[in-house]
Amino acid sequence: MTDFIVRPMQVEDMDEILLVQAACYSDDIPESVESLRAKLLASPLSCFVAIRHDELIAYLISLPWNSSAPPALNAPTCEIPAHVDCLYLHDLSVHPYARGTGVARALIDCFFSRCAQWQMRRSCLVAVQNSTSYWQRFGFLPATTTAEMREKLSSYPGNAEFLMREIWTQSS
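Each residue of the sequence shown is one higher than the last, beginning at 1 in the UniProt record's numbering.
Structure representation (structure tokens):
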């Protein structure tokens, strides 16, 4: 039995989200509250938080997107592209003291459930802070990158890598 609940993210969660973000990322990665809020408002049905004892311990932000290029990091606005072909997992952050509790898995399960509900054929993300092997455990693999993709990835620090997971659905 878990001692946390997962629920949809709300704008009122932003202060606690910033605290979790600060505990998880190096100084060159955190996004502004404006950027995070813009992503939430662009797709509130695909953003989730985990709460334990009235404290936000983890969050996941995802967006319907086009797999040809991820959204730019720390952009003050976010507009869902006209053509979407994936659910893009923008950020999963678990406070260090909550790691190993199953909270990441619970949030990722919500993400994959949303992929299925929206009949997305693929999911994508940008792995940062040497996290590629972590994401490979969930079926994400390095994807071929275009010039446009490499330009977008340059807004991410370090050795950011674009990963994709194909989701095959049975045709009727």
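By construction, the Cβ of each residue, glycine as well, lies at the ideal position given by its N, Cα and C atoms.
**Item:** Strand pairing of P30, partner residues [DSSP]
**Value:** As a working mapping, residue 30 is identified with position 30 in the sequence shown. Looking at the DSSP assignment, P30 forms no beta bridge with any residue, so it has no partner.
**Prompt:** Grouping DSSP H, G and I as helix and E and B as strand, with all else coil, what is V94?
**Reply:** On the sequence shown, position 94 is the one that residue 94 refers to. In the structure shown, V94 sits in a strand (DSSP, three-state: E or B).
**Request:** Drop a sphere of 10 angstroms on the beta-carbon of S123, count the other beta-carbons inside from all chains shown, and report buried for 16 or more, exposed for fewer.
**Result:** For the purposes of this step, residue 123 is identified with residue 123 of the sequence shown, where counting begins at 1. Counting every other CB atom within 10 Å of its CB across the protein chains shown gives S123 a total of 16 or more, marking it as buried.
**Message:** For A50, report the span of its beta strand (DSSP E) as first-last.
**Reply:** Working through the sequence shown from its first residue, we reach residue 50 at position 50. Judged by DSSP secondary structure, A50 falls within the beta strand (DSSP E) whose first and last residues are C47 to R52.
**Request:** Grab me the residues of L40's own chain with a C-beta within less than 6 Å of its C-beta, minus the 5 sequence neighbours each way, in chain order.
**Result:** Within the sequence shown, residue 40 is the residue found at index 40, counting from 1. Hits under 6 Å: M9 and C47.
**Message:** Can you check which of these residues, R37, H83 and T144, is closest to residue 173 by C-alpha distance?
**Reply:** Outside the shown range of the chain (1 to 172) lies residue 173, about which nothing can therefore be said.
**Item:** Every unbroken alpha helix (DSSP H) inside the stretch 75-157 [4 residues or more]
**Value:** The stretch 75-157 contains these whole alpha helix (DSSP H) runs: 103-117, 132-136 and 147-153.
**Message:** For L63, which residues in the same chain have their Cβ closer than 8 Å to its Cβ, ignoring the five residues on either side in sequence?
**Reply:** Locating residue 63 in the sequence shown gives position 63, where the first residue counts as 1. If we look at L63 and ignore the five residues flanking it on each side, its Cβ neighbours are K39, A42, S43, S46, P71, C78, I80, L87, Y88 and H90.
**Item:** Span separating the alpha-carbon of I108 from that of S155
**Value:** Taking the sequence shown and counting its residues from 1, the one referred to as residue 108 is at position 108. Taking the sequence shown and counting its residues from 1, the one referred to as residue 155 is at position 155. When rounded, the separation of the alpha-carbon atoms in I108 and S155 is 24 Å.
**Message:** So, at 7 Å on beta carbons, what are the nonlocal neighbours of R37 in its own chain, with the 5 sequence-adjacent residues on each side left out?
**Reply:** Translated into positions along the sequence shown, residue 37 becomes position 37. Hits under 7 Å: V11 and M14.
**Prompt:** Would C110 count as contacting chain C if we go by Cβ distances under 8 Å?
**Reply:** Looking for chain C here will not work: only one protein chain is present.
**Prompt:** Since A69 contacts K152 with CB under 8 Å, what's their CB separation in whole angstroms?
**Reply:** Mapped onto the sequence shown, residue 69 falls at position 69. Mapped onto the sequence shown, residue 152 falls at position 152. Correct: roughly 5 Å between the Cβ atoms.
**Asked** In or out: S172 buried (at least 16 other Cβ within 10 Å) or exposed?
**Response** Locating residue 172 in the sequence shown gives position 172, counting from the first residue. Bear in mind that a pLDDT of 36 at S172, under 50, signals an unreliable position, so the number given afterwards is only what the model happens to contain. The residue in question, S172, is exposed, as its Cβ has fewer than 16 Cβ neighbours within 10 Å.
**Item:** Proximity to F111 [Cα-Cα], best of R52, L60 and A23
**Value:** Your numbering for residue 111 matches position 111 in the sequence shown. Of the candidates R52, L60 and A23, the residue whose Cα lies closest to the Cα of F111 is L60.
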